[in-house]
Amino acid sequence: MVNEDLMVLALRVLGHVAGDGDMGPRLLALTGLDADGLRARASDPALLGAVIAFLMAREADLITTAAALEVPPSAIVRAGQSLGEDEI
Numbered sequence: 628m629v630n631e632d633l634m635v636l637a638l639r640v641l642g643h644v645a646g647d648g649d650m651g652p653r654l655l656a657l658t659g660l661d662a663d664g665l666r667a668r669a670s671d672p673a674l675l676g677a678v679i680a681f682l683m684a685r686e687a688d689l690i691t692t693a694a695a696l697e698v699p700p701s702a703i704v705r706a707g708q709s710l711g712e713d714e715i
């Protein structure tokens, strides 16, 4: 079972990425999901882990997201590791 605090952080990460004018469209293009599909799977740990893996692939995005959420980047990385970073 996934720690609730990590799940909340991952959901916050998803919200930030989806709402970002650069990261959001890139995430959708890379996953093949549309906005409705993303919303429908928002509570799926595999999807949340994949979103964090997406951030980890580009350090600047990870740092920007961490700053926006006022958490250390390592907290986001830990959440991703907990969620398994599965592919979507």
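Quick note on our numbering: the sequence shown kicks off at 628 and runs consecutively. Each residue gets a CB set at the ideal place from its N, CA and C atoms; glycine is no exception. Please read all numbers here as calculations on a predicted model, not as lab measurements.
- The C-alpha of residue 679 lies about 17 Å from the C-alpha of residue 662.
- Apart from the 5 residues on each side of it in sequence, residue 699 sits with its Cβ closer than 8 Å to the Cβ of 693 in its chain, given in chain order.
- Look at residue 662 here: in three-state DSSP terms it is helix.
- With contacts defined as CB atoms closer than 8 Å, residue 644 and residue 651 qualify as a contacting pair.
- With a threshold of 16 other beta carbon atoms within 10 Å, residue 701 falls short and is exposed.
- Per DSSP, the unbroken alpha helix (DSSP H) holding residue 700 starts and ends at 700-710.
- According to the DSSP assignment, residue 639 belongs to the alpha helix (DSSP H) that extends over 631-646.
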